[in-house]
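Enquirer:
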Amino acid sequence: MRKIKLINLIFVLLGVFLFGACEYATIQPDAPPPPPPPGDSTSYSLKVQPIFNSGCTVCHSGATAPDLREGKSYQSLMDNNMVVANNPAGSILYTCMQPGGVMASYSNATKNATIYNWILEGAKNN
Ligand code: HEC
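Position 83 (the sequence shown) corresponds to 293 in the numbering used here; numbering is contiguous.
1) Could you work out which residue in 308, 265 and 334 is closest to residue 296 when comparing CA atoms only?
2) Once DSSP output is grouped into helix, strand and coil, what is the label at residue 271?
3) Going by the C-beta, is residue 313 closer than 7 Å to any heavy atom of ligand 1?
4) For residue 267, which residues of its own chain have a beta-carbon under 7 Å away from its beta-carbon, when the five flanking residues on both sides are left out?
So, in structure tokens, the structure goes:
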């Protein structure tokens with residue numbers, strides 16, 4: 211009787227360890243950032259364009275679409291259908307900057323959150 215109990219205990223412990231190992235091996239995708247507080251507005255000129263200036267215009271300066279230079283970027287993003295207002299997940303600009311996206315290595319979570327909020331708020335040229 212005692213021996214059976216001990217074997218059961220060993221199996222339970224083994225199960226816990228194996229289950230734990232599986233959980234840690236899973237790669238969790240980045241959860242989308244929380245929506246901005248009501249009334250908060252992410253300014254294109256003050257928050258979004260600086261992201262392009264510091265990490266994108268080195269390549270996106272006319273020849274490679276979208277043109278992300280100051281004064282050109284908004285029109286270029288719209289002309290190339292890379293932004294769908296109020297729909298970050300449907301916007302190439304946002305999805306290509308996400309982990310796994312083609313432009314992911316030039317962005318980070320903070321920049322992605324700014325782009326996310328700006329698109330969610332209507333992608334205004336503000
Ligand atoms: C080292 C050069 C380089 C940098 C830096 C760079 N890009 Fe790109 N980007 C490219 C090239 C080349 C393409 C077109 C080929 C491709 O899709 O891989 C491209 C494509 C894109 C596209 C279109 C993707 C598509 O699926 O059509 C978007 C949007 C974009 N880049 C945004 C950005 C943003 C935003 C940044 C800065 C955070 C950035 N890129 C930084 C070179 C660059």
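Glycine included, every Cβ here is placed at the ideal spot set by N, Cα and C.
Expert: This is what the structure gives:
1) If you number the sequence shown from 1, residue 296 lands on position 86. Residue 334 is the option with its Cα nearest to residue 296.
2) Locating residue 271 in the sequence shown gives position 61, counting from the first residue. Under the three-state reduction of DSSP, residue 271 is assigned to coil, being neither helix nor strand.
3) The sequence position of residue 313 within the sequence shown is 103, counting from 1. Yes - ligand 1 has a heavy atom lying nearer than 7 Å to the Cβ of residue 313.
4) As a position in the sequence shown, residue 267 is number 57, starting the count at 1. Excluding sequence neighbours, residue 267 sits near 278 and 279.
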